[in-house]
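For reference, the structure is listed below as structure tokens.
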Amino acid sequence: MNLFDRPQSAGAALLACAIFCLDAFTRDDLAVAGLYVLVPLIAASGGGGRRRAVLGWSTACAGLAIAGFLIFQARGAPPLAFAHLGISLVVLLVMTLLLLRTQAMSSAVERGERRYRSIFDTLASAIWEHDFTEVVDAISRLRASGVEDLRRYVVEHPEFVAEMRRLVRITDVNATGLALMGVPSKEAFHSRLSELLPETDESFADCIVALDERRSLFETETTVYTLAGSRRDIFVTFSLGPEACLDKVPGSILDVTDRKALEAQVLRTREELAEAQRSGALAAMSASIAHELNQPLSAIHSYADAARRWMARMPPDMHEAMAALTGLSQAIGHARTVMHRVRSLVGNARIRSADIDLGELLSTTVTLMRADAAETSTRLVLMRGRWRDLAVSGDRILLKQVFVNLVTNAIQAMAEVPPECRTVTVKIDVEDGATALVRVADRGPGWEDAEEKVFGSFYTTKPAGMGLGLSISRTTVERHGGSIALGRAPGGGALVEVRLPLAGAGPSVADGVGDGQVEQVAVDGLVQ
Ligand code: ADP
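Anchor point for the sequence shown: position 333 equals 333 in full-length UniProt numbering, and the numbering is continuous, going up by one each time.
What follows is the structure, encoded as structure tokens:
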């Protein structure tokens, strides 16, 4: 070790020389050697390797004191000189021990600080350090002004919360924190919490209360925006307990954006799965209804055929014809029973109530019908107008089935019109601010019979029709608190009006979108 490698060491050496000269050559009975305690004291203030410096200088000073005493002795020292030497050496020893102890303590603190720094800088989770002292002062002033219920105060005074956010200084950030926020260096990092949190943040109000209560652990979830402007959802943990230094509160930040996106995705998948399962159940139910009805319908066909043949005989066999007609009537009765069962099944089916975005539902319906429209060269037009967020409450699958059925009927009704005229328009509107009105219009021949008849079970004019679609649609819409009515479309085609009560806060109107604006058009299977 070089004892003279620092200014403090040089100073200590000079001082030791001066004391030695004084002690050995100039004094008479003064305990000048006691001043040697200053030498290790000066050497100790010199930085790294101080323990060895203190020990070295203390030993050197003890040697000098003894040497001084011996020289003094040769010059005829007074009797107390030996006692003075003893006292000086004891003082030097005590001082050395004290210095070593202090040094050991400050080394431990330094090691702890270094360890914290290294953890801080290399931790895989983001950390930024906050200085909350100004906020705590502001809370104290608020308390002094007579505010007792801070929890209520922060709710009622968002401007106070915003001001407190501005008072929090960010004092440090680790490498993961920089990477999370997309900031290149510590110097470029935000200096105030208000620059990190958006104005809409609600989590900081709770943090103020936690600070006031000096809660040992405060956790919250909030959103921050990176330098590039992308949104990150974060989970923050602070330790604000009484032992925390409020000018250096590290906040541990966990980026939960991907996890939240994954959760949302899982939820969506689960919903889609449930919808697919219910669609499957609906398809299975339709197949079983068709199967159930097939038997009475075949019987009706055979009995009608037989009755016609018996009556066509010369002479007609009225007895057999009557028997066939009786069978026919029984088969119709059977079919009615089946239908009755189906209707009560639909009527009693549990409606899974959820808020449905009607615009989105119709958009999905139009997309679903693209293939059918393409096959018949039909143009499908969805007009959402200026309405947005039209929420209705009900069962998505059942309501979708209603609109699929109406659009299918409309496409089928135009089989005889020239392809260039085949257009189905689905238009959304709002009535009285509380009812959603969906109009499905086509350019076919329109209704051939009265409304009650058309809605009746088994009313069909199609060779392969079952006559159940409109009947079940009406039951479904009514179970959703709505109504369904038939009308005449402007070009003479059929019009079906479905009214459903709106749920939630009611509709909003999109700026700059006209009433008749076409939202989605599907032609030949393409959505334009
Ligand atoms: P299906 O389609 O099996 O016949 P529906 O109950 O859906 O059963 O329809 C009953 C009948 O109502 C149809 O057969 C048809 O005569 C008439 N209809 C339904 N939609 C229209 C429409 N858009 N234009 C003209 N007639 C229609």
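The beta carbon of each residue, even a glycine, is placed where N, CA and C say it ideally should be. Since the model is a prediction, treat every value here as computed from it, not as a measurement.
Under the three-state reduction of DSSP, which class applies to residue i: helix, strand or coil?
| i | result |
| --- | --- |
| residue 194 | helix |
| residue 432 | coil |
| residue 60 | helix |
| residue 147 | coil |
| residue 483 | strand |
| residue 501 | strand |
| residue 380 | strand |
| residue 441 | strand |
| residue 370 | helix |
| residue 525 | Confidence is the limiting factor: at residue 525 the pLDDT is only 39, short of 50, which leaves the residue's position unreliable, though a coordinate-based value still follows. Correct three-state label for residue 525: coil. |
| residue 352 | coil |
| residue 357 | strand |
| residue 468 | coil |
| residue 214 | coil |
| residue 52 | helix |
| residue 65 | helix |
| residue 18 | helix |
| residue 494 | strand |
| residue 308 | helix |
| residue 270 | helix |
| residue 336 | helix |
| residue 488 | strand |
| residue 189 | coil |
To the nearest angstrom, report how far apart residue i and residue j are at their CA atoms.
| i | j | result |
| --- | --- | --- |
| residue 273 | residue 502 | 26 Å |
| residue 166 | residue 233 | 21 Å |
| residue 409 | residue 328 | 28 Å |
| residue 175 | residue 189 | 11 Å |
| residue 376 | residue 367 | 15 Å |
| residue 58 | residue 34 | 12 Å |
| residue 141 | residue 149 | 14 Å |
| residue 136 | residue 183 | 29 Å |
| residue 369 | residue 304 | 36 Å |
| residue 425 | residue 378 | 11 Å |
| residue 19 | residue 72 | 13 Å |
| residue 37 | residue 208 | 51 Å |
| residue 128 | residue 267 | 32 Å |
| residue 320 | residue 312 | 12 Å |
| residue 7 | residue 66 | 26 Å |
| residue 455 | residue 363 | 26 Å |
| residue 470 | residue 391 | 23 Å |
| residue 117 | residue 110 | 10 Å |
| residue 387 | residue 159 | 34 Å |
| residue 308 | residue 427 | 47 Å |
Run the CB neighbour count on residue i, radius 10 Å, all protein chains shown included, and call it buried at 16 or more, exposed below.
| i | result |
| --- | --- |
| residue 9 | buried |
| residue 301 | exposed |
| residue 411 | buried |
| residue 151 | exposed |
| residue 191 | exposed |
| residue 61 | buried |
| residue 253 | buried |
| residue 25 | exposed |
| residue 442 | buried |
| residue 90 | exposed |
| residue 124 | exposed |
| residue 318 | exposed |
| residue 400 | buried |
| residue 453 | exposed |
| residue 216 | exposed |
| residue 119 | exposed |
| residue 14 | exposed |
| residue 314 | exposed |
For the ligand ADP, any of its heavy atoms closer than 8 Å to the Cβ of residue i?
| i | result |
| --- | --- |
| residue 476 | no |
| residue 225 | no |
| residue 316 | no |
| residue 400 | no |
| residue 466 | yes |
| residue 425 | no |
| residue 295 | no |
| residue 410 | yes |
| residue 430 | no |
| residue 470 | yes |
| residue 303 | no |
| residue 417 | no |
| residue 445 | yes |
| residue 448 | yes |
Would you list, in sequence order, the uninterrupted beta strand (DSSP E) runs of no fewer than 3 residues that lie entirely inside the segment 216-267?
-> 218-225, 231-238 and 249-255
Which runs of the beta strand (DSSP E) spanning at least 3 residues fall entirely within the segment 153-184, listed in chain order?
-> 169-173, all fully within the segment 153-184.
Identify every run of the beta strand (DSSP E) within the segment 384-436, keeping only runs that are complete inside it and at least 3 residues long; order them along the chain.
-> 391-394 and 423-431
Runs of alpha helix (DSSP H) wholly within the segment 69-149 (minimum 4 residues, chain order) | As far as the segment 69-149 is concerned, its whole alpha helix (DSSP H) runs of at least 4 residues are 81-122 and 133-144.
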